[in-house]
Each structure stands twice: as structure tokens, then as C-alpha cells.
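Here is the structure we will look at.
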Amino acid sequence: MMKSTVQPLNFFSAVMLFLGLMVGQTIIAFAAALCIYVFHIDYASSSWFMLNGYMLSMVLPLVFYQFFVLKPKGLDLKFDFKKNTFITYLLAFPLMFGMMLIAEYLVTLVPTSGYFFGNLYKNFTNQMSSLAMDNVTMILLTVILAPLLEEFLFRGLIQKSIIKTGLNPRISILISAFIFGAFHVYPWQFVGAFLLGLVLGIVYEKTKSLVLPILLHAFNNLISALIMIKYGPETTQGILPIEPIYSFLIGVGIFNIFMLAFTFYFRRKASIFEG
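Each residue of the sequence shown is one higher than the last, beginning at 1159 in this note's numbering.
Pasting the structure below:
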């Protein structure tokens, strides 16, 4: 297996990642303004513009890291299928589902009205509505591109590079999950992305492979996309035939049970390997 080329996170590499993101966002903003003020067409609200803008904002940080940090070396992203046994999948998907139920309830605690949150929530639902108008684009973006590109960046590069600094893996997972949440900008997305980022970070740390985090990410986004198609972007509460607090408690139970089982499985696997 090739030696990993991901470097320990330092000030320069962090700046390059941030600069790549900012360049992407600047190009998107310039293109949107050009469409409105020169061509007098609001392409920025179209699903295809959001798709291309998303790809640009995700790919450029990887390009900047490759060109300015790694230089001639290639970015080595691990896809080791052998680390993912059937039991690993059997434990990881319920683990993710439990956290999805937890996140869904906690997101509803974030205000959606008032001067600040009200305007922000309006922008958020407008953006989600524009995306939901084209189901094919939404599925392509959320279920295929987002799991691939975001796991490359946030787990395969950022989390790994933070751990390589010598920081405790648990702290590294927290930091990468927070960055993952902050990337989604809106408070309602931040809460869910942060919590789900914790699960993805844990799974990546245990398996040392991007395969399962990508599949779990796609699973979460597919459920969200299907719900959005059927019920709209504003809410997913009331879908389950039980009170939201009960679905939250069920999620806590599922998450804790499978988190214990997942941890025990990999601890036992490690002890067998060492023995």
C-alpha cells in the first residue's frame, strides 16, 4: 500500500485550503453578478448553477492543497474495501441512522423566526426550494457528488492531517466535524452536519478507509433528498407517526447501542490482530 502523502496540518496548508475555498466562492459570486447585471437573468437560483458552484467550491481547495502543499506528490486517498467486513456495515448504518434521528430533532430547536434567524431561514428555504425543483440535479449533487467530494476533503484530508499533528484522534474528529458543520453555513445545516460528521469521523478513524464514510454520507443524503422531494424543504417533522421527542430518544438509544457494539468490535479486532 502506498505511503500516505497527506501532511500534518499547519498554518500554510490551512491557508491554502481556505484560499482555495475563497477563490471558488469569489468565482461563483462574480458569475452570479455577471448573469444578473450583464445578462439580466438570475441564473444563480437555478439548480445547475448551484451544482457547478458547489463542485467549484469543493474541488479548488483540493487543487490548491495538491499544487501548493504536496506539489509533485499525488493526493493518496485510501479506499480499502478489505477493512469493511459485513459486520462493519451491519453496525455502521444503524449507528448513522440513530444519529440522523438525534440530529433531526435538535435541528428543530434552532429558531426560524426573528430579525436574524427569520431572514436567514428564508434564504435557506429559498435555496433548498431551488435545488428541489430539479430532482435529478438534487440527487446527483447530494447523493453522489457531495459524499465523494466532502469525504475526500473533510475526512481524507482535513481529519487525517489534524491527526498527523499528534493531536488526540477524538479531538481531531471533533475539530473536523466542526469545520464540516461550519462549511454548510446555515445553522440548521450546521447542527446536522456537525453531528453526522462525528459519526463519519469515527467510522473513518476505525476503518482507515473512505469507502464506508462515503456510503454512510450518501445514505444520509439520500434519505434527506427523498423526504425533501415528498414533503418539501421546510420541515421533516411529523413524518414519523410519533412525537418528535420520542424519535429523538429512540435515536439516542440506537446510537448508543451501536456505538458500543462498533467500538467493541474494532477493539476486539485490534486485539486479535495484535495477538
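Ideal placement from N, C-alpha and C gives every residue a C-beta, glycine not left out.
Beta-carbon gap between residue i and residue j smaller than 8 Å
| i | j | result |
| --- | --- | --- |
| T1300 | S1382 | yes |
| S1449 | R1313 | Outside the shown range of the chain, which is 1159 to 1433, sits residue 1449, and nothing can be said about it. |
| L1315 | V1164 | yes |
| L1249 | F1420 | yes |
| H1375 | P1327 | no |
| P1371 | L1358 | yes |
| F1377 | G1355 | no |
| T1323 | P1219 | no |
| L1209 | I1186 | no |
| N1242 | S1367 | yes |
Length of the line joining the Cα atoms of residue i and residue j
| i | j | result |
| --- | --- | --- |
| M1160 | H1342 | In this prediction, M1160 has a pLDDT of 40, which is less than 50 and means its spatial position is unreliable; nothing more can be read from the coordinates. |
| I1194 | D1200 | 5 Å |
| V1217 | Q1183 | 11 Å |
| I1321 | G1350 | 23 Å |
| L1380 | N1293 | 11 Å |
| T1246 | E1363 | 13 Å |
| L1289 | S1319 | 33 Å |
| R1425 | I1360 | 13 Å |
| Y1279 | A1340 | 16 Å |
| F1188 | G1178 | 15 Å |
| P1399 | N1284 | 28 Å |
| A1261 | V1196 | 42 Å |
| N1277 | S1271 | 8 Å |
| F1207 | T1266 | 29 Å |
| Y1423 | L1373 | 20 Å |
| M1291 | Y1389 | 13 Å |
Nearest-angstrom beta carbon gap, residue j and residue i [assumed within contact, 8 Å]
| i | j | result |
| --- | --- | --- |
| Y1263 | P1402 | 5 Å |
| Y1223 | M1180 | Contact flag wrong, Cβ pair sits at about 14 Å. |
| W1346 | F1274 | Not a contact, Cβ separation roughly 13 Å. |
| S1171 | V1227 | 5 Å |
Interface flag, residue i vs chain D, CB-CB below 8 Å
| i | result |
| --- | --- |
| L1289 | Looking at the structure shown, chain D is missing, and only one protein chain is on hand. |
Check: residue i C-beta below 7 Å from any heavy atom of the ligand ATP
| i | result |
| --- | --- |
| S1382 | For the structure depicted, the ligand ATP is absent and the ligand set is empty, with no information on it obtainable. |
Could you tell me whether the region 1413-1426 touches the region 1250-1269, using the rule of 3 or more Cβ pairs below 8 Å?
yes
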